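Structure first, commentary second.
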Amino acid sequence: MLKGAVSAFCSVSVFQSEVADLLGAVDSVLITLYLVTGHPVLDYFIGTFLLALFTVILGEFTISLLFRINRKHLDRLNNRLVETYDLSIHAYQSGDRKSYAACNKEANDAFGHVFFNMVALSAASLWPIFFALAWMQLRFMGIKFPIPLTGWSVNYVVTFLVCYILARMVFGRVKHRLPYFRDVCATLKDYEKENPRMASVAEPVSGKGQYPASQNQ
2 MLKGAVSAFC SVSVFQSEVA DLLGAVDSVL ITLYLVTGHP VLDYFIGTFL
52 LALFTVILGE FTISLLFRIN RKHLDRLNNR LVETYDLSIH AYQSGDRKSY
102 AACNKEANDA FGHVFFNMVA LSAASLWPIF FALAWMQLRF MGIKFPIPLT
152 GWSVNYVVTF LVCYILARMV FGRVKHRLPY FRDVCATLKD YEKENPRMAS
202 VAEPVSGKGQ YPASQNQ
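Count along the sequence shown starting at 1, add 1, and that's the number in our numbering.
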């Protein structure tokens with residue numbers, strides 16, 4: 002047991018050392034973002050915003066890449082969700098409670114798979130944040146900025162998160178004009194149009210997944 006603990010500790014130490022080496026390698030590049038005007042405070046906020054914007058772009062690129070790789074899998078999950086949901090609505094309309102309960106359970110399971118896949122896909126955009134904050138910790142660990150009229154102060158984490166929110170808002174407004182992301186936005190719009198629509202209780206179900214109404218038991 003002690004040997005396993007020592008081995009795990011060594012593995013963590015090696016990982017931390019590799020991360021430190023990586024941050025050291027990119028330090029000379031990232032620090033140039035903070036040398037724009039020559040004014041320390043202004044340069045800090047400009048540099049932090051540019052760093053946040055870079056993390057947003059890298060995160061969005063990661064999502065687009067994973068979407069392209071997993072698109073067929075997502076298609077299968079979405080089609081299964083629509084199919085089972087439509088079957089449950091059909092059973093509800095025909096008064097077949099047993100079939101409705103079974104199909105509704107399958108639809109809920111399908112929704113769970115779709116939901117967690119979309120959560121995982123969205124979370125993929127967040128990984129650059131941790132590397133950005135790790136680098137900022139090395140550079141700006143002891144720096145704090147006072148908030149006027151409050152007596153409080155904030156550190157690099159708060160300032161980065163504020164800049165990240167602003168960067169995401171800016172990128173959201175311009176990404177449809179950028180070369181690569183313009184194509185991604187068009188692909189996502191086409192994907193939404195191509196996906197089958199789930200029926201509602203108030204309308205008849207037709208197409209894939211339809212079956213004849215069952216008689217009430």
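Where a beta carbon is used, it is the ideal one built from N, C-alpha and C, also for glycine.
In this text the structure is predicted, and so the values were computed from the model without any measurement.
query	result
Spatial neighbours of Tyr165 in its chain, beta-carbon cut-off 8 Å, leaving aside the 5 residues before and after	Ala53, Thr56, Val57 and Ile130
As assigned by DSSP and simplified to three states, the class of Pro147	strand
Residues sharing a beta bridge with Val226, DSSP	The requested residue 226 is not part of the displayed model; the chain covers only 2 to 218.
Range covered by the alpha helix (DSSP H) that runs through Val120	Arg98 to Ala124
The stretch 113–122 contacting the stretch 71–81, beta-carbon criterion three pairs below 8 Å	yes
Beta-carbon contacts of Leu179 that lie in its chain and below 8 Å, excluding the five residues immediately before and after	none
Helix, strand or coil at Val185 [DSSP, three-state]	helix
Environment of Trp136 [buried if 16+ CB atoms lie within 10 Å]	buried
Minimum C-alpha distance to Tyr181 - residue among Val42, Phe62, Asp191 and Glu84	Phe62
Spatial neighbours of Val42 in its chain, beta-carbon cut-off 7 Å, leaving aside the 5 residues before and after	none
Ala111 and Leu82 closer than 8 Å at C-beta	yes
Local conformation of Val163 per DSSP, three classes	helix
Tyr93: first and last residue of the uninterrupted alpha helix (DSSP H) it sits in	Pro41 to Ser95
Arg236: first and last residue of the uninterrupted alpha helix (DSSP H) it sits in	Residue 236 lies beyond the stretch modelled for the chain, which goes from 2 to 218, so this question has no answer here.
Reference Ala168; option with closest CA among Leu67, Leu34, Leu51 and Val27	Leu51
Same chain, Cβ closer than 7 Å to Tyr35, five either side skipped, listed in chain order	Asp44, Tyr45 and Gly48
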